[in-house]
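Peer 1:
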Ligand code: SF4
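Structural data, given as structure tokens:
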């Protein structure tokens, strides 16, 4: 069974996947930490959604921002303390990034809500669906025939159609999405199709640093690309194939395996 997180690691660097699978035998909490951070971000979104219901069209932008921010700080503090108590190595820089992204998102949301309330002449309570469509978060998807498993960050359901969404904390490209993000998303799209017996034509990557959701068409080429990557992942994880990689100094600089990898 291939986990979509292995596909993600492979797209970053096949050697990293090899080391993670066959060399790094120490217990690895990174995956668990990533899941906890994603859960926290989802809960923050829920809280913003709840706060939005109290916003009235007469409010100023500053009042809207204050309303959307209610209890956010306390919630982030208690949740990050809880994550640390699980002995997961949550760094201060990661917490600061979560706080910065949250308040950036609140500012953008406040402007958009104000504009929408003015145009539609409605309070926020009546238009929350525009900002928070019906959706499922952290949905575990699995297909035994494809031997593929993964957790989709978010699945939005609009007029009976399903739209997988991946939430990314990385810097966005100038336009479109990164190849690795597209491959990961098409894997989720295929699993969504199997799970809900539907067709997925479009998915989205949400780059939280700029609070922007970018669409990806789930076309044949992207689907073929996924199966090619899955084949390579299997070669590495199941057949112990040592991959040939081109050294990319930018990636290697931030790679946790750089010493292990370069030495050997
Ligand atoms: S150090 Fe570079 S080549 Fe080695 S695993 Fe990391 S990213 Fe890949």
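Residue numbers (the working numbering): 1 to 264. Beta carbons: idealized from backbone N, C-alpha and C, even for Gly. Bear in mind that the values here come from a model prediction, so they are computed numbers and not experimental data.
1. Leaving out the 5 sequence neighbours to the left and right, which residues in its chain are closer than 8 angstroms to residue 255 when beta-carbon positions are compared?
2. Does the distance from the CB of residue 98 to the CB of residue 76 come in under 8 angstroms?
3. Where does residue 31 sit, in a helix, a strand or coil, going by DSSP?
4. Going along the chain, which unbroken runs of the beta strand (DSSP E) with 3 or more residues stay wholly within the region 134-173?
5. Who's in the neighbourhood of the ligand SF4, going by beta-carbon under 6 angstroms from any heavy atom, listed in chain order?
6. In this structure, how does DSSP classify residue 176 when only helix, strand and coil are distinguished?
7. Hey, is the region 152-165 in contact with the region 78-95, meaning 3+ C-beta pairs nearer than 8 angstroms?
8. Are there three or more Cβ pairs, one per stretch, closer than 8 angstroms when the region 95-109 is compared with the region 194-202?
9. Measuring CB to CB, does residue 191 end up less than 8 angstroms from residue 141?
10. Does the separation of the CB atoms of residue 44 and residue 19 fall below 8 angstroms?
11. Please report the straight-line C-alpha distance between residue 33 and residue 251, rounded to a whole angstrom.
12. I'd like the list of long-range same chain contacts for residue 222, defined as Cβ closer than 8 angstroms, with 5 residues on each side in sequence excluded.
13. Between residue 50 and residue 69, what straight-line distance do the alpha-carbon atoms span, to the nearest angstrom?
14. According to DSSP, is residue 257 helix, strand or coil?
15. Taking the beta strand (DSSP E) that residue 202 belongs to, which residues open and close that run?
16. How many Å lie between residue 194 and residue 57 at the Cα?
17. Rounding to the nearest angstrom, what Cα-Cα distance links residue 111 and residue 162 in this structure?
18. Residue 2 by DSSP, collapsed to three states: which one?
19. What residue does the alpha helix (DSSP H) around residue 14 start on, and which one ends it?
20. Is residue 214 helix, strand or coil by DSSP?
Peer 2: With the structure as the only source:
1. Within the chain shown, numbered from 1, the residue matching residue 255 stands at position 255. 13, 16 and 261, listed in sequence order.
2. As a working note, residue 98 is residue 98 in the chain shown. As a working note, residue 76 is residue 76 in the chain shown. Closer than 8 angstroms, so yes.
3. By 1-based counting over the chain shown, the position of residue 31 is 31. Note: residue 31 maps to helix in three-state DSSP.
4. Entirely contained in the region 134-173, the beta strand (DSSP E) runs reaching 3 residues are, in chain order, 135-143, 148-158 and 161-168.
5. Screening all residues for a C-beta within a distance smaller than 6 angstroms of any heavy atom in the ligand SF4 leaves 13, 15, 16, 19, 245, 247, 251, 252, 255, 257, 258 and 261, in chain order.
6. The residue labelled residue 176 in the question sits at position 176 within the chain shown. Three-state result, residue 176: coil.
7. no
8. Short answer: they don't touch.
9. Sequence index remark: in the chain shown, residue 191 carries index 191 (1-based). Sequence index remark: in the chain shown, residue 141 carries index 141 (1-based). Yes; because the gap between Cβ atoms is below 8 angstroms, this pair is in contact.
10. For this step, residue 44 is matched to residue 44 along the chain shown. For this step, residue 19 is matched to residue 19 along the chain shown. Cβ atoms of residue 44 and residue 19: not closer than 8 angstroms.
11. Indexing the chain shown from 1 puts residue 33 at position 33. Indexing the chain shown from 1 puts residue 251 at position 251. Cα to Cα, residue 33 sits roughly 21 angstroms from residue 251.
12. If you number the chain shown from 1, residue 222 lands on position 222. Contacts found: 182, 183, 186 and 216.
13. On the chain shown, residue 50 is found 50 positions in, with the first residue counted as 1. On the chain shown, residue 69 is found 69 positions in, with the first residue counted as 1. In a straight line, the C-alpha of residue 50 is about 11 angstroms away from that of residue 69.
14. Start at 1 with the first residue of the chain shown, and residue 257 comes out as number 257. Coil at residue 257, not helix or strand.
15. Position 202 of the chain shown, counting from 1, holds the residue named residue 202. Start and end: 202-207.
16. Residue numbering aside, residue 194 sits at position 194 when the chain shown is read from its first letter. Residue numbering aside, residue 57 sits at position 57 when the chain shown is read from its first letter. Each residue's alpha carbon lies about 42 angstroms from the other.
17. Numbered from its first residue, the chain shown carries residue 111 at position 111. Numbered from its first residue, the chain shown carries residue 162 at position 162. If I take the Cα positions, the gap works out to 28 angstroms.
18. Within the chain shown, the letter at position 2 stands for residue 2. Of the three classes helix, strand and coil, the one that applies to residue 2 here is strand, per DSSP.
19. What you label residue 14 is simply residue 14 of the chain shown in a count that begins at 1. Residues 14-18.
20. Mapped onto the chain shown, residue 214 falls at position 214. Strand, per DSSP.
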